[in-house]
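Protein chains: 6
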Amino acid sequence: MSTLSRPSGRAPEQMREVRIERGYTRHAEGSVLVAFGETRVLCTASVENRVPGFLRGKGEGWVTAEYGMLPRATHSRSDREAARGKQGGRTLEIQRLIGRALRACVDRGALGERTITLDCDVLQADGGTRTAAITGAYVALVDAVRWLQARKEIAKNPIFGAVAAVSVGVYRGVPVLDLDYAEDSDCDTDMNVVMNDGGGFIELQGTAEGHAFRRDELNALLALAEKGIGELLTAQREALAQ
Amino acid sequence: MSTLSRPSGRAPEQMREVRIERGYTRHAEGSVLVAFGETRVLCTASVENRVPGFLRGKGEGWVTAEYGMLPRATHSRSDREAARGKQGGRTLEIQRLIGRALRACVDRGALGERTITLDCDVLQADGGTRTAAITGAYVALVDAVRWLQARKEIAKNPIFGAVAAVSVGVYRGVPVLDLDYAEDSDCDTDMNVVMNDGGGFIELQGTAEGHAFRRDELNALLALAEKGIGELLTAQREALAQ
Amino acid sequence: MSTLSRPSGRAPEQMREVRIERGYTRHAEGSVLVAFGETRVLCTASVENRVPGFLRGKGEGWVTAEYGMLPRATHSRSDREAARGKQGGRTLEIQRLIGRALRACVDRGALGERTITLDCDVLQADGGTRTAAITGAYVALVDAVRWLQARKEIAKNPIFGAVAAVSVGVYRGVPVLDLDYAEDSDCDTDMNVVMNDGGGFIELQGTAEGHAFRRDELNALLALAEKGIGELLTAQREALAQ
Amino acid sequence: MSTLSRPSGRAPEQMREVRIERGYTRHAEGSVLVAFGETRVLCTASVENRVPGFLRGKGEGWVTAEYGMLPRATHSRSDREAARGKQGGRTLEIQRLIGRALRACVDRGALGERTITLDCDVLQADGGTRTAAITGAYVALVDAVRWLQARKEIAKNPIFGAVAAVSVGVYRGVPVLDLDYAEDSDCDTDMNVVMNDGGGFIELQGTAEGHAFRRDELNALLALAEKGIGELLTAQREALAQ
Amino acid sequence: MSTLSRPSGRAPEQMREVRIERGYTRHAEGSVLVAFGETRVLCTASVENRVPGFLRGKGEGWVTAEYGMLPRATHSRSDREAARGKQGGRTLEIQRLIGRALRACVDRGALGERTITLDCDVLQADGGTRTAAITGAYVALVDAVRWLQARKEIAKNPIFGAVAAVSVGVYRGVPVLDLDYAEDSDCDTDMNVVMNDGGGFIELQGTAEGHAFRRDELNALLALAEKGIGELLTAQREALAQ
Amino acid sequence: MSTLSRPSGRAPEQMREVRIERGYTRHAEGSVLVAFGETRVLCTASVENRVPGFLRGKGEGWVTAEYGMLPRATHSRSDREAARGKQGGRTLEIQRLIGRALRACVDRGALGERTITLDCDVLQADGGTRTAAITGAYVALVDAVRWLQARKEIAKNPIFGAVAAVSVGVYRGVPVLDLDYAEDSDCDTDMNVVMNDGGGFIELQGTAEGHAFRRDELNALLALAEKGIGELLTAQREALAQ
């Protein structure tokens, strides 16, 4: 494997600095600002005592997510989706992913007929916004569940395990962990990996932007992802212990 | 005038603590987090080298604003406007107001064929989001113009004077300055006042929520607004001097 | 004060000829064609035995307004909002204003669980369409309430007092009453004033289009508005007495 | 043929009173209020010096129509299409019909690269709004062309012949001319007929609402339509001669 | 009448080859691929145990239609309506026509509170898609009703008679039957005729694309339509007998 | 590995019967009906001599895809996206995937300033519609390129290699190939795999619907996918050789 110079000077297996700040805003039942380096996402968890139509009367809850990007979170200004009158395909794809990832650690029967909505709004983007969003939304979700438990609205904790996500990719021929924007816009393969704290895969989304990737590259990427997710799970635990 | 107990314990003519933090995010030409107490608005200024169709080829620039509220900026979650597929009437009204207010201090000929878009996104709402947005957006606008001047893209400063805004209202029979949410949702009259640093009115929007207001009440409210705006103009100057 | 030549030849404190024609169309419970000079707005009041969701079961009624402009009400043709697929910001702003203004003279408990919708459609525009709309809609509202009373659907008149509106502005340095289009598109300050027949202000919306306005200008404008609204309240009374 | 009692007391072959008032509003190049009894439609013709994309550079003009109904033109209030965010199928169908009907009497080469838009807005509806719209829009179109000729923008009159429209139907077993709302909502067959002054058919749209109609009924309906259109063409000529 | 050369070499009174294939897809209660020459439309009938709001609780059923065209059913690609965000006027007009035509042979009381939706999707277009759709949708409707009868959900057959449709037109001066695309885009008059098996007219829509048509031309066109519809009714009967 | 009974009776590593029919419709430059068992997707390739705005003037072409599902392709009828006024998140996600997959085998410089749009419309759904769409769209793309080459519009073949896709999943504890609807709606893990004929991965999208999956399960799934894609590449080659 060749010597690589990542734009940020990081080693291939080195994540950006991760910060998880709970209680960032005051109204939401859970409110977390998560930073993966310069990427900053505000994740709030809102509890509502109703469920979508397809679940009504079934005694189950729902966990869903919405994703947005402030117009000038990015290098150049993007149109505001509310002004354009619809959410783009990328937005819908990401919020569907976040929702699936979080539902994978929730016992919806134990949640009862409630909806928890995770709003993930990107204040500043530098690559990896969806993986930061999943990682932060998990912490906001835990805070919302603790709020429900403190009010004795639910008896049993509906969350089992923990969920975190990271991106990996092949940048200039070298597998690297936690792509920033400079790498993301210039890499051959880009993969988002969601895992739980039992070492299982929740979601795997890999795309060959340049040349197709092979089994050995895939294996190297997954090893990096496992390492990064281990660090993220630790960061989540530390944040939740404060 | 009766003794008043404001929910926050403030005196009638007392503003909330105002904070103006420049450089809050890194990509925008101007980026300001403004706080009026618990109300927090992120105001970014984005420079683009194009103008709307109706100005093309006229040698003039444009200053415009967009306003948004994160879904859980409020006590209970509101629908995301991007998901509903349109901006509501309140949103449109506020962003039109912000745009007019800021254009009132810009020489659009001196700006040249450029658009500066002020995105005002409410991270946390506690009353007065539109007045905080105008006050913060002015600072972001100045930073964007300084950026243009530093790159020598424009010769002459197109900004003349300064603009700030505050709300006033009659709460339980007493005129008060800078309404917070508890007051705003329970007052008789609500007025938003935009002024410049020459003491002139840019915009005046007063609504009798309960009983109609009279000339003497109006005069008392305007006097409070003048006091508050004086303090806000000072806060802007101090922030811009750092 | 300098000698002024208004485009219409009117004196500064002179309103345009005001006409209020009841029963203009036949299906609505109230139907009024109001003219402020060449500005002509058809205001209909429709009674429906239902209320919006947020009022259901509370024993209160609702009064709301919708505003529209025929595509060729104006000097050059505007796009039809139905064809563009949405109402513009100006439209939403005006119809919200009309609704608030009319609700200010209605006891919604006495109205009962009914909605009265005031549709204000501009057939011909020459400035001041929103103030004409409010002034005419009040008369249509009274007719709709009389219709309810004649059918003995409501016992007590839910309307208290009367509401009218007029615009004032500073045109070429001189405060003038009831701006027409030629003045409106070329004035320094434009203010819409809504008052009741007790001399109280319901709504005040002033905008400095050119230079910012000062307290003495504001006072002069409000004095003109009071005069104009007095004449409009008389015209409403006369129309309703026929 | 059985003895029929039409709700209005008219004879089967009798049209409602037709009024055509030119110059109804002042801004449009043609502006006509047309009344077929209680049905009243405002038809304006607007001239613009541009054509749709598919005609650009071909030296031909375009004639098109838009149709709208004020929310309370009808017995009970309908939703405003601008507020619902789209034009309904009925609206689109009618405005496509009006456009085709008017294009049938225009030499688009002689019109030059101009668009004439016919806005037909129903102020009051009592059946037959589309046929009144076509009949009135023709007069507005002639006025717009006269305006172009008076300004010497076009040399040759692009309009050949005249176009008018009427509805016919089988009401309680009897063919009748010019259905009003009471008949329209309770008839077996409803047919809209557009003809020119040469006795040719431009458009024929017949629908069996109840039982299917036969050739002899069709022939009786077409004879009634020819009679009615003859009267409408006369009314148009008289209006244009004033 | 001159000697005519139709682009396809057909005689003026000759239809294209008609094929009706039942059971084309497997999930729908009725599924028919209908071909008029190169025009191919997939018509499915879907049964649902609910009715639109305006029929709820009235003991009546509903029959409705939706129409679509695959983007590359045509010579050049058209925009996908789902991507453009709305159905065009032509689409709405056609699906309203199909729905009316089919409702003309259904006793909605006998159907009970059910909706049958006829989805007519054009796989390949060569003129006459709406007439093929009506003709095929009738067969799908019969299959859906047979499905209901086989499950004993309804006792009485709600379908009376049969319905089919064909286009006729004046092509280069000669009345011809069943226009294909080459004729449709170059004809003087185009008429769509819907009839039942009792020889009655359900719907008649004729448009003069070039010169206006006269009574004798209309009569010739209707005679052709009667002939064509006779053949289509036979084809329907044969398909249903298999 | 336990004994498995797949609903279809297939062996775990057995694909459904695959059929690829070229020239299914006549207007498109490429038109392929692909069937994976009961799943049937019509894939058309349309060539247009223009590119999206972001590519204009760069000498490169574009390959993009749109996906749709006929309303009754599924067990119960779904709303028509054109009627609802927008494409859902699932649709956007799938069409973005198809576009990326096909662009991975195209030299866009060699294509020149042209767009090839792949419309993938599901006529009948039984699981695996997106993988069938990619596999069929590749063949339609080759046909469109052959059409361009036959007309000598391009000199060099812009397609390198071949692309196919298949789904794999863990059904009742056993890794299986090519999920049908019965399996897809009841499996623990679902993965879509896109590969090229060089054995490289283009796209990998795995989701744990039930319990999280582990590395050994992932490896088993990828082995199945490689087998299935080998068969699909053969089927493509045979279809293209005819």
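Residue numbers (the working numbering), protein chains in the order written: chain A, 16 to 257; chain B, 16 to 257; chain C, 16 to 257; chain D, 16 to 257; chain E, 16 to 257; chain F, 16 to 257. By construction, the Cβ of each residue, glycine as well, lies at the ideal position given by its N, Cα and C atoms.
Would you identify the three-state DSSP class for GLN110/C, choosing helix, strand or coil?
Here the question's residue 110/C lines up with position 95 in the third sequence. Correct three-state label for GLN110/C: helix.
For a cutoff of 8 Å on Cβ pairs, would you count MET16/C as touching chain B?
Residue numbering aside, residue 16/C sits at position 1 when the third sequence is read from its first letter. Here the model assigns MET16/C a pLDDT of 45, short of 50, so the residue's position is not dependable, and the following value carries that caveat. Against chain B, the CB of MET16/C has no partner CB under 8 Å away; the residue lies outside that interface.
Cross-chain neighbours of THR130/A in chain F, by beta carbon under 7 Å:
Reading the first sequence from its first residue, position 115 is the one you call residue 130/A. Within 7 Å Cβ-Cβ: nothing; THR130/A doesn't reach chain F, min ~18 Å.
Taking 8 Å as the CB-CB cut-off, is HIS90/C touching chain B?
Residue numbering aside, residue 90/C sits at position 75 when the third sequence is read from its first letter. HIS90/C does not count as touching chain B.
Let me make sure I understand the geometry here. Which of ALA98/E, THR222/E, ALA180/E, VAL49/E has the alpha-carbon closest to that of VAL208/E?
Working through the fifth sequence from its first residue, we reach residue 208/E at position 193. For VAL208/E, the nearest C-alpha among the options comes from ALA180/E.
Using a Cβ-Cβ cutoff of 7 Å, what residues of the stretch 25-47 of chain E are near chain F? List them in chain order.
THR40, ARG41, HIS42, ALA43
Using a Cβ-Cβ distance under 8 Å, would ALA235/F count as near chain E?
As a first step, residue 235/F is located in the sixth sequence; it is residue number 220 there, counting from the start. ALA235/F does not count as touching chain E.
Can you tell me which of the three DSSP states GLY100/C falls into?
By one-based count along the third sequence, residue 100/C stands at place 85. GLY100/C: coil per DSSP, three-state reduction.
Could you work out which residues of chain F lie near GLY83/E, taking near to mean beta carbons separated by less than 7 Å?
As a first step, residue 83/E must be located in the fifth sequence, where it is residue number 68. Here the neighbours are ARG95, ALA97.
In terms of residues, what are the limits of the alpha helix (DSSP H) holding ARG145/E?
As a first step, residue 145/E is located in the fifth sequence; it is residue number 130 there, counting from the start. For ARG145/E, the enclosing alpha helix (DSSP H) has its first and last residue at 144-165.
Delimiting residues of the alpha helix (DSSP H) encompassing THR249/A:
By one-based count along the first sequence, residue 249/A stands at place 234. For THR249/A, the enclosing alpha helix (DSSP H) covers residues 230-256.
What does a CB cutoff of less than 7 Å around LEU48/C pick up in its chain, not counting 5 residues either side in sequence?
What you label residue 48/C is simply residue 33 of the third sequence in a count that begins at 1. Cβ within range, chain order: GLU36, TYR39, ARG55, LEU57.
Do you know offhand how far CYS202/D's Cα is from LEU219/E's?
On the fourth sequence, position 187 is the one that residue 202/D refers to. On the fifth sequence, position 204 is the one that residue 219/E refers to. The alpha-carbon atoms of CYS202/D and LEU219/E are separated by roughly 16 Å.
Burial state of PRO67/C, where buried means 16 or more other Cβ atoms lie within 10 Å:
Looking up residue 67/C in the third sequence gives position 52. When all chains shown are included, PRO67/C counts as exposed.
Buried or exposed, going by whether 16 or more other CB atoms sit within 10 Å of the CB of ALA165/C?
Working through the third sequence from its first residue, we reach residue 165/C at position 150. Classification for ALA165/C: exposed.
Could you tell me the distance, in whole angstroms, from the CA atom of LEU70/E to the CA atom of GLY76/E?
What you label residue 70/E is simply residue 55 of the fifth sequence in a count that begins at 1. What you label residue 76/E is simply residue 61 of the fifth sequence in a count that begins at 1. Looking at the two C-alpha atoms, the distance is approximately 8 Å.
For LEU194/F, which of helix, strand or coil comes out of DSSP?
As a first step, residue 194/F is located in the sixth sequence; it is residue number 179 there, counting from the start. In this structure, LEU194/F counts as coil in the three-state DSSP scheme.
Quick check on the burial criterion: 16 or more other C-beta atoms within 10 angstroms. Buried or exposed for ASN211/E?
As a position in the fifth sequence, residue 211/E is number 196, starting the count at 1. Flag for ASN211/E reads buried.
What residues of chain E sit near ALA223/D, judged by a beta carbon separation below 8 Å?
Sequence index remark: in the fourth sequence, residue 223/D carries index 208 (1-based). Result: ALA119, GLY215, PHE216, ILE217, GLU218.
Three-state class that DSSP yields for MET16/A in the structure shown:
Within the first sequence, the letter at position 1 stands for residue 16/A. With a pLDDT of only 45 at MET16/A, under 50, the local geometry of the prediction cannot be trusted, and no value is derived from it.
Start-to-end residues for the beta strand (DSSP E) that takes in ALA223/B:
As a position in the second sequence, residue 223/B is number 208, starting the count at 1. ALA223/B -> beta strand (DSSP E) spans 216-223.
Just curious, the beta strand (DSSP E) that ALA60/A is in, first and last residue?
Here the question's residue 60/A lines up with position 45 in the first sequence. Where ALA60/A is concerned, the enclosing beta strand (DSSP E) stretches over 54-63.
Where GLU63/D meets chain C, residues with beta-carbon distance less than 9 Å
Against the fourth sequence, residue 63/D aligns to sequence position 48. Within chain C, the residues near GLU63/D are SER91, ARG92.
Look at the Cβ atom of ALA80/F, then the Cβ atom of ALA223/A, and state whether they are nearer than 8 Å.
Locating residue 80/F in the sixth sequence gives position 65, counting from the first residue. Locating residue 223/A in the first sequence gives position 208, counting from the first residue. Contact flag unset, no.
Give the DSSP-derived three-state secondary structure of LEU117/E in the structure shown.
The residue you call residue 117/E lines up with position 102 of the fifth sequence. Three-state DSSP puts LEU117/E in a helix.
Please name the residue or residues paired with PHE51/E in a DSSP beta bridge.
Taking the fifth sequence and counting its residues from 1, the one referred to as residue 51/E is at position 36. According to DSSP, which records beta bridges pairwise, PHE51/E is partnered with VAL33/E, THR54/E.
Return the CA-CA distance between ARG115/A and THR204/F, expressed in angstroms with no decimal places.
Taking the first sequence and counting its residues from 1, the one referred to as residue 115/A is at position 100. Taking the sixth sequence and counting its residues from 1, the one referred to as residue 204/F is at position 189. So the alpha carbons of these two residues sit roughly 13 Å apart.
Taking its Cβ as the centre, do 16 or more other Cβ atoms sit within 10 Å of THR249/C, making it buried, or is it exposed?
Position 234 of the third sequence, counting from 1, holds the residue named residue 249/C. Exposed is the call here.
Which chain F residues sit within Cβ distance under 8 Å of ARG229/A?
The residue labelled residue 229/A in the question sits at position 214 within the first sequence. Near ARG229/A (Cβ distances below 8 Å), the residues of chain F are GLY214, GLY215, PHE216.
Quick check on DSSP: helix, strand or coil for LEU126/F?
Working through the sixth sequence from its first residue, we reach residue 126/F at position 111. LEU126/F falls in the helix class under three-state DSSP.
Burial state of GLU96/E (16 or more Cβ within 10 Å):
Numbered from its first residue, the fifth sequence carries residue 96/E at position 81. Flag for GLU96/E reads buried.
Does the pairing of the stretch 134-148 of chain D with the stretch 83-92 of chain D give three or more beta-carbon distances under 8 Å?
yes
Have a look at GLY214/E and LEU107/C and give me their C-alpha separation to the nearest angstrom.
Taking the fifth sequence and counting its residues from 1, one reaches residue 214/E at position 199. Taking the third sequence and counting its residues from 1, one reaches residue 107/C at position 92. Straight through space, the alpha carbons of LEU107/C and GLY214/E are spaced by roughly 53 Å.
Return no unless some Cβ of chain B is closer than 8 Å to the Cβ of PRO190/A.
For the purposes of this step, residue 190/A is identified with residue 175 of the first sequence, where counting begins at 1. The beta carbon of PRO190/A sits no closer than 8 Å to any beta carbon of chain B.
Using the C-alpha atoms, what's the distance from ARG123/D back to MET16/E?
As a position in the fifth sequence, residue 16/E is number 1, starting the count at 1. As a position in the fourth sequence, residue 123/D is number 108, starting the count at 1. At MET16/E the pLDDT is 45, less than 50, meaning the model places this residue with poor confidence; the figure from the coordinates comes in the next sentence. Distance between the alpha carbons of MET16/E and ARG123/D: 30 Å.
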